[in-house]
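Engineer:
In this note's numbering, the protein residues as written are 35 to 438.
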């Protein structure tokens with residue numbers, strides 16, 4: 035059949051089912067002590083036991099689970115009564131599966147059957163066993179009877195963790211859906227009318243440009259004012275959508291790095307006073323991505339984050355003492371997150387540079403836009419090479435990163 039793929043055990047179980055098979059070695063070894071015909075029947079029963087062991091993993095929370103469990107207990111009972119009481123230890127396999135029962139009634143029924151399967155062989159052979167053997171068998175017998183309780187507690191905890199993870203994922207999806215609806219609603223309410231007005235006025239200008247140029251110029255000026263208002267509305271929306279600040283991102287980064295065994299050293303002013311909301315948001319996203327790269331790829335023991343406000347730019351430097359960039363490549367690579375950061379920064383005229391220097395050094399720059407034109411002209415007149423001077427000054431200030 036197309037698409038059919040045989041599995042010995044369910045993939046999501048990992049190596050756990052295979053590890054338990056080690057304990058089948060002892061029953062197989064003991065079976066060689068019996069006569070040939072009895073040994074043949076015994077190996078057949080062990081083979082049936084292994085089949086039930088495999089099937090129980092595939093029949094969890096299904097009706098056949100109970101039948102396969104009863105078949106396994108029947109094999110253990112036959113081996114323990116007809117061969118030797120040491121085969122009672124195979125009950126640890128069944129104890130594990132009994133612990134998977136969530137329903138109290140089924141669990142108690144399975145425990146009663148399990149007790150009878152283990153207690154009857156012990157009662158039959160107890161008079162013939164020596165005291166030393168009883169002192170070994172009875173503690174194991176009691177542990178085996180109590181083990182389903184422990185397995186059940188563990189199974190319940192795992193199930194609760196899975197349900198909690200699923201609930202958190204659903205909550206996360208609902209939050210994202212609600213956030214999309216809110217953004218769409220805000221965009222429609224705030225920008226829909228404005229953009230419609232710009233469209234109508236641009237059509238009016240097109241008609242008036244030959245008939246009444248003066249009025250067309252007036253309408254064009256109104257379009258400019260309306261577009262500025264739309265831009266202001268977009269900025270307000272971006273400011274409302276911003277979910278994290280740099281101080282919050284640094285706190286999160288500290289927790290993530292500490293959990294990965296990486297020391298975090300922060301330097302400079304993490305608030306970057308005067309930075310626009312959009313630039314602040316993009317800085318926060320870039321910091322998050324940079325820290326993620328340090329944890330995933332650097333193999334570092336220390337990470338340094340420095341925030342700087344220079345004369346002509348805001349700057350953030352994230353440096354680690356790890357393995358560095360392969361081949362010293364400084365281009366934004368696919369899958370590394372650098373390309374995504376570069377695309378975000380391009381929206382605000384920012385740049386990103388990644389280099390290797392006893393680790394990886396990521397430098398993010400965002401220019402400071404001076405709105406007062408006269409002040410800008412004065413500064414340009416006084417310092418015609420102000421950008422170069424600022425860059426040189428910045429390079430001197432970042433000298434402490436040379437060792438990374």
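Glycine is no exception: its CB is placed at the ideal position from the N, C-alpha and C atoms.
Just so you know, these numbers come straight off a predicted model, no measurement behind them.
What residue range does the alpha helix (DSSP H) around residue 152 cover?
Structural biologist: 138-159
Engineer: Quick one: grab the DSSP three-state call for residue 306.
Structural biologist: In the structure shown, residue 306 sits in coil (DSSP, three-state: anything other than H, G, I, E or B).
Engineer: Which of the three DSSP states is assigned to residue 294 in this structure?
Structural biologist: Coil at residue 294, not helix or strand.
Engineer: Would you mind reading off the limits of the beta strand (DSSP E) that contains residue 348?
Structural biologist: Per DSSP, residue 348 is one residue of the beta strand (DSSP E) stretching across 347-354.
Engineer: Residue 208 and residue 148 look like a contact to me (Cβ under 8 Å); what is the Cβ gap, rounded to whole Å?
Structural biologist: About 43 Å; that fails the 8 Å criterion.
Engineer: Once the 5 residues before and after residue 282 are set aside, which same chain residues still bring their CB inside 8 Å of it?
Structural biologist: 318
Engineer: Compute the Euclidean distance between the alpha carbons of residue 154 and residue 114, then round it to the nearest angstrom.
Structural biologist: 9 Å
Engineer: Throw me the rounded Cβ distance for the residue 91 and residue 43 pair, which I believe falls under 8 Å.
Structural biologist: 5 Å
Engineer: Between residue 249 and residue 265, what straight-line distance do the alpha-carbon atoms span, to the nearest angstrom?
Structural biologist: 24 Å
Engineer: Within the continuous alpha helix (DSSP H) that includes residue 70, where are the two ends?
Structural biologist: First-last of the alpha helix (DSSP H) with residue 70: 70-92.
Engineer: Would you say residue 343 and residue 314 are within 9 Å of each other, going by their C-beta atoms?
Structural biologist: no
Engineer: So, helix, strand or coil for residue 389, using DSSP?
Structural biologist: strand
Engineer: Does the separation of the CB atoms of residue 331 and residue 357 fall below 9 Å?
Structural biologist: yes
Engineer: By how many angstroms is the C-alpha of residue 316 removed from the C-alpha of residue 296?
Structural biologist: 24 Å
Engineer: For residue 142 and residue 194, what's the separation of their Cα atoms in angstroms?
Structural biologist: 21 Å
Engineer: Could you tell me the distance, in whole angstroms, from the CA atom of residue 410 to the CA atom of residue 400?
Structural biologist: Because residue 410 sits at a pLDDT of 40, beneath the cut-off of 50, its placement in the model cannot be relied upon, and the point is left open.
Engineer: Does DSSP put residue 44 in a helix, in a strand, or in coil?
Structural biologist: coil
Engineer: Helix, strand or coil, according to DSSP, for residue 359 in the structure here?
Structural biologist: The answer is coil: DSSP assigns residue 359 none of H, G, I, E or B.
Engineer: Taking its Cβ as the centre, do 16 or more other Cβ atoms sit within 10 Å of residue 398, making it buried, or is it exposed?
Structural biologist: buried
Engineer: Closest by CA to residue 189, which one among 40, 387, 345, 47?
Structural biologist: 47
Engineer: Let me make sure I understand the geometry here. Which of 323, 85, 110, 340 has the alpha-carbon closest to that of residue 302?
Structural biologist: 340
Engineer: Grouping DSSP H, G and I as helix and E and B as strand, with all else coil, what is residue 403?
Structural biologist: coil
Engineer: Where does residue 262 sit, in a helix, a strand or coil, going by DSSP?
Structural biologist: It is helical.
Engineer: Could you check what DSSP says for residue 301 in three-state terms: helix, strand or coil?
Structural biologist: strand
Engineer: Closest to residue 82 by CA distance: which of 62, 68, 257, 135 is it?
Structural biologist: 62
Engineer: Write down the C-beta distance between residue 328 and residue 337 rounded to the nearest angstrom, noting that I regard them as a contact closer than 8 Å.
Structural biologist: 5 Å
Engineer: Which residues in the same chain as residue 205 place their Cβ atom closer than 7 Å to its Cβ, once the five residues preceding and following it in sequence are excluded?
Structural biologist: none
Engineer: Are the CB atoms of residue 312 and residue 269 within a distance shorter than 9 Å?
Structural biologist: yes
Engineer: If contacts are defined as beta-carbon pairs under 8 Å, then residue 129 and residue 185 qualify, I think. What distance do you get, rounded to the angstrom?
Structural biologist: 6 Å
Engineer: Is DSSP giving residue 244 helix, strand or coil here?
Structural biologist: helix
Engineer: Using the three-state DSSP reduction, which class does residue 54 fall into: helix, strand or coil?
Structural biologist: It is helical.
Engineer: Residue 102 to residue 94, Cα distance in whole Å?
Structural biologist: 11 Å
Engineer: Report yes if the C-beta distance between residue 308 and residue 402 is below 9 Å; otherwise report no.
Structural biologist: In contact: residue 308 and residue 402 (Cβ atoms closer than 9 Å).
Engineer: Look at the Cβ atom of residue 178, then the Cβ atom of residue 144, and state whether they are nearer than 9 Å.
Structural biologist: no
Engineer: Just curious, the alpha helix (DSSP H) that residue 132 is in, first and last residue?
Structural biologist: 125-132
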